[in-house]
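2 protein chains.
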Amino acid sequence: MYSKAISKILWYAFCMEKLLNIQEMSKLIGLSTHTLRYYEKIGMLKGVARNEQGYRCYSEADLLWIQFLICLREMDMPISEMMHYSNLRTQGDSTVYERRVMLEAHQDKVVQQMNKLNENLGRIGAKIEHYKGLEKTVFCEK
Amino acid sequence: MYSKAISKILWYAFCMEKLLNIQEMSKLIGLSTHTLRYYEKIGMLKGVARNEQGYRCYSEADLLWIQFLICLREMDMPISEMMHYSNLRTQGDSTVYERRVMLEAHQDKVVQQMNKLNENLGRIGAKIEHYKGLEKTVFCEK
DNA sequence: GTACACCTTAGAGTGTACTCTAAAGCAATA
DNA sequence: TATTGCTTTAGAGTACACTCTAAGGTGTAC
């Protein structure tokens, strides 16, 4: 799941009970430090600990949550919706049902999107074949 | 492929050798008139005929090209890349190979994206199952 | 002790793809 | 002939998700 170098960071961090700084977390998950701060600023990423200097210290729980956020973003969930989900999560177990409904609704959207993508792949596949035919013709006539 | 109402427009338009105005084209393909003008302004949609009043008159060829543009957009091809494709097309048959290469490259991207989507669908699927379990527990304990 | 490389914040700037507005012209209807 | 509803254009505005900057603080290396 992670590269060797990154596994090493994780091992070092969590086995030695050290929290990650923003740079380490950024490298680990592939979001820029800017984006990590942005997600925190808009309230999508709450409760990140700070050290004596006010520097961010990310825990393993933060890591898991950020990975989940990335998963949602990769499925094109808008930030506004992710904020809503995040707020529900903050409210605790009473919102589990609502969260499930949200995820299921998004699941449906992604499935629809994939169907559309498949359909369009077929179309451009046909176009590619058509072009291959044209290329041959041009080649033979030369 | 089209709804009955829209098939009627098409029948009326092409069987009677009438060209479509911007409103009709907009309804037919599901892009706003704004977007149709925008695509023309940036040069992605060239050679749309005009009547004596300077109003746009879309041909069947325009329709097919716009549908292809929509297909590319639905597969998240950036406008800049679509512009490039459009420019190649304008240059004629000598660019067929380059166009095919572009389409194949994009095909690959879409396949990768779909793999990613599938992976993430698995993840949220697992989360949904987890939530279902939690919901049951809460229900039973009450 | 000073250079360098990190961290913090608020807030400004960017890129993409539209989306809308204002001002003006055309055409059918009351 | 005036209203309504369409069309045109250039150009301004919007939404989204970052991405960057400026100004200041901290910590280690020489």
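One line per chain: the protein sequences are G and L, in this order.
If you count the first sequence from 1, position 8 lands on -6 in our numbering, and the numbers rise without skipping.
If you count the second sequence from 1, position 42 lands on 28 in our numbering, and the numbers rise without skipping.
Just so it is clear, CB atoms sit at the ideal spot from N, CA and C, and this is done for glycine as well.
Fair warning: this is a prediction, and the values are worked out from it, not measured in the lab.
About 6 angstroms separates the beta carbon of L107(L) from that of Q93(G), a gap short enough to meet the 8 angstroms contact definition. Bridge pairing for Y44(L): L6(L) [DSSP]. Membership of E38(L) in any alpha helix (DSSP H) is not indicated, and neither H nor E is assigned to it by DSSP. Against chain G, the CB of L107(L) has a partner CB under 9 angstroms away; the residue lies at that interface. Contact annotation: in the segment 82 to 104 of chain G, residues whose CB is within less than 8 angstroms of a CB in chain L are V82, Y83, R85, R86, L89, E90, H92, Q93, V96, V97, Q99, M100, K102, L103, N104. Bounds of the alpha helix (DSSP H) holding M69(L) are 65 to 76. Scanning its chain for C-beta atoms nearer than 7 angstroms, with the 5 sequence neighbours on each side dropped, one finds around Y41(G) the residues N7, in chain order. Under the 9 angstroms criterion on CB atoms, Y25(L) is classed as non-interfacial with respect to chain G. At a cut-off of 9 angstroms between C-beta atoms, M68(G) does not count as an interface residue with respect to chain L. For E10(L), not one C-beta of chain G is nearer than 9 angstroms to its own C-beta. By the C-beta density criterion, R86(G) is buried, having at least 16 other C-beta atoms within 10 angstroms. DSSP, reduced to helix, strand and coil, places S12(G) within a helical segment of the structure shown.
Apart from sequence neighbours up to five positions away, no residue of its chain approaches R109(L) with a beta-carbon distance below 6 angstroms. At least 9 angstroms separates the CB of D48(L) from every CB of chain G.
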